[in-house]
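Okay, so here's the structure we're looking at.
Number of protein chains: 2
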Amino acid sequence: MRLVIARCSVDYVGRLTAHLPMAPRLVLVKADNSVSVHADDRAYKPLNWMSPPCTLKEAEAEDGGGRVWTVVNKAGEKLIITMEEVLHDSSHELGVDPGLIKDGVEAHLQELLADRMETLGEGWSLIRREYPTAIGPVDILGRDAEGGTVAVEIKRRGEIDGVEQLTRYLELLNRDPHLAPVQGLFAAQEIKPQARTLATDRGIRCVTLDYNALRGIEDDKLRLF
Amino acid sequence: MRLVIARCSVDYVGRLTAHLPMAPRLVLVKADNSVSVHADDRAYKPLNWMSPPCTLKEAEAEDGGGRVWTVVNKAGEKLIITMEEVLHDSSHELGVDPGLIKDGVEAHLQELLADRMETLGEGWSLIRREYPTAIGPVDILGRDAEGGTVAVEIKRRGEIDGVEQLTRYLELLNRDPHLAPVQGLFAAQEIKPQARTLATDRGIRCVTLDYNALRGIEDDKLRLF
DNA sequence: AGCTAGATGTCGGGA
DNA sequence: TCCCGACGTCTAGCT
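From first to last, the protein sequence lines are chains D and H. For the first sequence, counting from 1, position 202 maps to 202 in the UniProt record's numbering; every step adds exactly one. For the second sequence, counting from 1, position 192 maps to 192 in the UniProt record's numbering; every step adds exactly one.
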């Protein structure tokens, strides 16, 4: 990891064309040769960057007044950094990162729900997770107390495109005489009003999930063993 | 801008729960108090971060063996960084960035197409760009050679949600007796197979755009003046 | 390698 | 403020 603070201008030519006028910025070079240019605001997003795999070439400017970095990737996208004045330049060995452990994403919600179908409806049971269809897998396919089929779409945040997605699945599943009629259920930790309206209009039931409660139930289960 | 290289562990509790085991990393603190934690790979995305506005509190660890940073935002999301060993710590004044100048984005495609409706179909003409409807503006509304109305949705990459969007517009526009029947056209530099299938199934024609060719035509036009 | 769907998406514009 | 669509989306997982 190399940290350079420099007055620089930046040009990117690739999927679009972009230019940054001369100003002091942080230029970050990582072990994989990737480069990012940061201003002194916004945590997440660099002003400009080149993702790996890419190559970095460092050269003196023609007028001798600074350095020019040229970063190129396979697709021919190019990032050119012209440094007028270098204020800081240090390198550090970090090694490979052990990586991030996440909890609470959609995949996890799906696991929890599949284990506790009865939180969706009394007497409901699981047929299978990731039920395959021609247009992609349905998050959960289940059976209600009367033996009817239920297709469940799970989102962390329920928005219109999630309802559209479920609608497409339902249309397809309802063509299968073994399954039809298939009921739709839209489950999310938070459902946007527009999504709820659209779902209700299409006869799709909405359920908001309490992740902590679900996890709590799971924790209780684990505590029994 | 403050640059810290440290052996640290990180915990995030907010929209999800995430944990990073103790390892050497870059911790970046920007002038707006935002914090990001970077490993030595991937240019774009930090392992963990807190977006502004947020507050940063620095304290000694209870056992005196290091520092603990607590970053909190309005929503109560929390990022906790425990530093066991600080390998580098420097601060730099950068000032406000003059900002990025972009060119060649999506809006440009729309401009180009509006100017060259005949590339979409022989004898086609423009009614207007950003034609307003109750659910948002249609990218281009035009007329075909027979005087029929055409709604055009433009994307750089054509995917399913773009087809859904156009479908909603068409449904609405077709309720207007002055416009109906309205034909749909899905135009993009690249159209994904699933999107093409869905569009075709709904009677929406697909067109792939050649940005360079369109721009070339425009350049030729300019060269006349 | 190509494709699909998820994301702590982030970011900007308009109602 | 919320809502919605664009983004050099990025990224992981699967065919």
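Glycine residues also receive a C-beta, built at the ideal position from the N, C-alpha and C atoms.
Inset, instruction - Specify, as a first and last residue, the run of the alpha helix (DSSP H) that residue 163 (chain H) falls within. - result: Within the second sequence, the letter at position 163 stands for residue 163 (chain H). Note, residue 163 (chain H): alpha helix (DSSP H), 160-173.
Legend entry - residue 216 (chain D), DSSP secondary structure in three states: Mapped onto the first sequence, residue 216 (chain D) falls at position 216. DSSP places residue 216 (chain D) in helix when its eight states are reduced to three.
Inset, instruction - Kindly indicate which three-state DSSP category residue 153 (chain D) falls into: helix, strand or coil? - result: Counting from one through the first sequence, the residue named residue 153 (chain D) turns up at place 153. Three-state result, residue 153 (chain D): strand.
Inset, instruction - Using a Cβ-Cβ cut-off of 9 angstroms, state whether residue 27 (chain H) counts as contacting chain D. - result: The residue labelled residue 27 (chain H) in the question sits at position 27 within the second sequence. Not one chain D Cβ lies under 9 angstroms of residue 27 (chain H).
Inset, instruction - Please decide whether residue 57 (chain D) counts as near chain H, where near means a Cβ-Cβ distance under 9 angstroms. - result: Along the first sequence, one-based indexing puts residue 57 (chain D) at 57. Not closer than 9 angstroms to any Cβ of chain H, the Cβ of residue 57 (chain D) fails to qualify, so no.
Legend entry - Candidates H:5, H:2, H:6 and H:209: closest to residue 110 (chain H) by CA position: As a working note, residue 110 (chain H) is residue 110 in the second sequence. Nearest C-alpha to residue 110 (chain H): H:209.
Inset, instruction - Please report how far the alpha carbon of residue 147 (chain H) lies from the alpha carbon of residue 125 (chain H), in whole angstroms. - result: In the second sequence, counting from the first residue as 1, residue 147 (chain H) sits at position 147. In the second sequence, counting from the first residue as 1, residue 125 (chain H) sits at position 125. Going from the Cα of residue 147 (chain H) to the Cα of residue 125 (chain H) covers about 9 angstroms.
Legend entry - Sub-9 angstroms separation of residue 26 (chain H) and residue 4 (chain H) beta-carbons: Working through the second sequence from its first residue, we reach residue 26 (chain H) at position 26. Working through the second sequence from its first residue, we reach residue 4 (chain H) at position 4. Taking 9 angstroms as the Cβ cut-off, residue 26 (chain H) and residue 4 (chain H) qualify as a contacting pair.
Legend entry - Beta-carbon proximity check, residue 155 (chain D) vs residue 199 (chain D), cutoff 9 angstroms: As a first step, residue 155 (chain D) is located in the first sequence; it is residue number 155 there, counting from the start. As a first step, residue 199 (chain D) is located in the first sequence; it is residue number 199 there, counting from the start. No, the pair does not count as a contact, with Cβ atoms beyond the cut-off.
Inset, instruction - Within 10 angstroms of the Cβ of residue 178 (chain D), are there 16 or more other Cβ atoms? Answer buried if so, exposed if not. - result: Residue 178 (chain D) sits at position 178 when you count from the first residue of the first sequence. That one is exposed.
Inset, instruction - Would you identify the three-state DSSP class for residue 1 (chain D), choosing helix, strand or coil? - result: Locating residue 1 (chain D) in the first sequence gives position 1, counting from the first residue. Of the three classes helix, strand and coil, the one that applies to residue 1 (chain D) here is coil, per DSSP.
Inset, instruction - Measure the C-alpha to C-alpha separation of residue 114 (chain H) and residue 103 (chain D) and round it to an integer number of angstroms. - result: By 1-based counting over the second sequence, the position of residue 114 (chain H) is 114. By 1-based counting over the first sequence, the position of residue 103 (chain D) is 103. Going by the C-alpha atoms only, they are around 47 angstroms apart.
Legend entry - Below-9 angstroms beta-carbon distance, residue 95 (chain D) vs any chain H residue: For this step, residue 95 (chain D) is matched to residue 95 along the first sequence. Yes, because at least one Cβ of chain H sits closer than 9 angstroms to the Cβ of residue 95 (chain D).
Inset, instruction - Would you mind giving the Cβ-Cβ distance between residue 185 (chain H) and residue 157 (chain H), rounded to the nearest angstrom? I have them listed as a contact below 8 angstroms. - result: Translated into positions along the second sequence, residue 185 (chain H) becomes position 185. Translated into positions along the second sequence, residue 157 (chain H) becomes position 157. Incorrect: roughly 16 angstroms between the Cβ atoms, too far for contact.
Legend entry - Neighbour list for residue 19 (chain D) in chain H, Cβ cutoff strictly below 7 angstroms: On the first sequence, residue 19 (chain D) is found 19 positions in, with the first residue counted as 1. Ordered by position in chain H, the residues that pass the 7 angstroms Cβ test against residue 19 (chain D) are 101.
Inset, instruction - Compare the C-beta of residue 216 (chain D) with all C-beta atoms of chain H and state if any pair is closer than 9 angstroms. - result: The residue labelled residue 216 (chain D) in the question sits at position 216 within the first sequence. No - not a single Cβ of chain H is within 9 angstroms of the one on residue 216 (chain D).
Inset, instruction - Kindly say whether residue 50 (chain D), judged by its beta-carbon, lies nearer than 9 angstroms to any beta-carbon of chain H. - result: Along the first sequence, read from residue 1 onward, the residue named residue 50 (chain D) stands at position 50. Closer than 9 angstroms to some Cβ of chain H, the Cβ of residue 50 (chain D) qualifies, so yes.
Legend entry - Backbone secondary structure at residue 205 (chain H) - three-state DSSP: If you number the second sequence from 1, residue 205 (chain H) lands on position 205. Reduced to three states, the DSSP call for residue 205 (chain H) is strand.
Legend entry - Per-residue DSSP class, three states only, for residue 43 (chain H): Reading the second sequence from its first residue, position 43 is the one you call residue 43 (chain H). Three-state result, residue 43 (chain H): coil.
Inset, instruction - Give the straight-line distance between the Cα atoms of residue 60 (chain D) and residue 69 (chain D), rounded to the nearest whole angstrom. - result: Within the first sequence, residue 60 (chain D) is the residue found at index 60, counting from 1. Within the first sequence, residue 69 (chain D) is the residue found at index 69, counting from 1. So the alpha carbons of these two residues sit roughly 9 angstroms apart.
Inset, instruction - Out of D:22, D:164 and D:37, point me to the one whose CA is closest to residue 85 (chain D)'s CA. - result: Stepping through the first sequence from its first residue, residue 85 (chain D) is reached at position 85. Of D:22, D:164 and D:37, the residue nearest in Cα terms is D:22.
Inset, instruction - Could you tell me whether the stretch 90-97 of chain D touches the stretch 38-47 of chain D, using the rule of 3 or more Cβ pairs below 8 angstroms? - result: no
Legend entry - For residue 31 (chain H) and residue 214 (chain D), the rounded distance between their alpha carbons: Position 214 of the first sequence, counted from the start, is the residue given in the question as residue 214 (chain D). Position 31 of the second sequence, counted from the start, is the residue given in the question as residue 31 (chain H). Going by the C-alpha atoms only, they are around 39 angstroms apart.
Legend entry - Min CB distance residue 5 (chain D) to chain H below 9 angstroms: Counting from 1 along the first sequence, the entry for residue 5 (chain D) is found at position 5. Yes, contact with chain H.
Inset, instruction - Kindly list, in the order they appear in chain D, the residues whose Cβ is closer than 8 angstroms to that of residue 178 (chain H). - result: In the second sequence, residue 178 (chain H) corresponds to position 178, counting from 1. Per Cβ cutoff of 8 angstroms: no residues; residue 178 (chain H) is ~26 angstroms from chain D at best.
Inset, instruction - Please list, in chain order, all residues of the same chain as residue 9 (chain H) whose beta carbon is under 7 angstroms from its beta carbon, the five residues on each side excluded. - result: Walking along the second sequence from the start, residue 9 (chain H) turns up at place 9. Closer than 7 angstroms at Cβ, skipping near neighbours: 20, 21, 22 and 82.
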